[in-house]
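Peer 1: Sharing a structure here in structure tokens format.
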Amino acid sequence: MSDVLYVTKETLEQMKIDLQRMKGVERPAASRAIAEAREKGDLKENAEYDAAKEAQGLLEARIKKMESDLANARIVDITTIDTSKVSILTIVTLTNLGTKKQVTYQIVSEKEADLKAGKISVTSPIGKGLLGKAVSDVVEVQAPAGTLKFKIENITA
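As structure tokens, this is what we get:
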């Protein structure tokens with residue numbers, strides 16, 4: 003998975019902090035849990051040991067994924083964004099042509115996506131459908147709920 007991950011500088015810093023926490027705090031804690039479970043006797047019938055080993059495996063997978071994400075991360079500077087078309091970090095105001103409701107989304111990376119905060123992933127169906135489009139374009143998006151039609155009203159940074 004060598005997909006480029008576009009993030010803001012703040013998100014990149016938070017990812018680094020999370021990785022350090024996993025390596026410096028969670029990894030030693032997982033090792034201690036395994037050691038404590040090992041002391042309790044027969045490993046063949048020790049559910050606590052099995053659970054600790056599984057938790058350690060999941061943590062190591064998360065660490066590996068975070069390291070990969072950091073290696074593929076590219077910082078996007080919000081001040082250099084072209085607002086003539088929809089791209090990552092642009093803020094897009096849309097009108098849903100089916101319901102006539104207006105919504106505003108910021109197009110962000112998967113790591114930053116938070117629908118409650120109005121941030122949708124560039125890899126989501128709506129995010130993919132909007133990329134490269136301009137103001138007044140009508141966009142048809144294949145979503146799990148069916149085909150949605152949006153008109154782009156405004157694009158800002």
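In terms of our numbering, the sequence shown is residues 3 to 159.
For every residue, glycine included, the Cβ atom is placed at its ideal position computed from N, Cα and C.
Fair warning: this is a prediction, and the values are worked out from it, not measured in the lab.
1) Which first and last residues belong to the beta strand (DSSP E) in which I77 is found?
2) Runs of 3 residues minimum, wholly inside the region 24 to 90: which ones carry the beta strand (DSSP E) assignment?
3) Within 10 Å of its beta-carbon, does A32 have 16 or more other beta-carbons around it, so buried, or fewer, so exposed?
4) Taking the straight line between their C-alpha atoms, what separation do you get for V141 and R76?
5) Quick one: give me the first and last residue of the beta strand (DSSP E) that K130 is part of.
6) As a quick exercise: from E15, M24, V27 and I154, pick the residue whose alpha carbon is nearest that of T95.
7) So if DSSP puts A145 in a beta bridge, which residue, or which two residues, is it bridged to?
Peer 2: Quick look at the numbers:
1) Position 75 of the sequence shown, counted from the start, is the residue given in the question as residue 77. A75 to I77 is the extent of the beta strand (DSSP E) around I77.
2) 75 to 77
3) The residue labelled residue 32 in the question sits at position 30 within the sequence shown. Counting Cβ neighbours within 10 Å, A32 comes out buried, since at least 16 surround it.
4) Residue numbering aside, residue 141 sits at position 139 when the sequence shown is read from its first letter. Residue numbering aside, residue 76 sits at position 74 when the sequence shown is read from its first letter. Approximately 28 Å between the Cα atoms of the pair.
5) As a working mapping, residue 130 is identified with position 128 in the sequence shown. First-last for K130: P127 to L132, but that is the alpha helix (DSSP H), not the beta strand (DSSP E).
6) What you label residue 95 is simply residue 93 of the sequence shown in a count that begins at 1. Comparing Cα-Cα distances from T95 to each of E15, M24, V27 and I154, the minimum goes to I154.
7) Locating residue 145 in the sequence shown gives position 143, counting from the first residue. A145 is bridged to G148.
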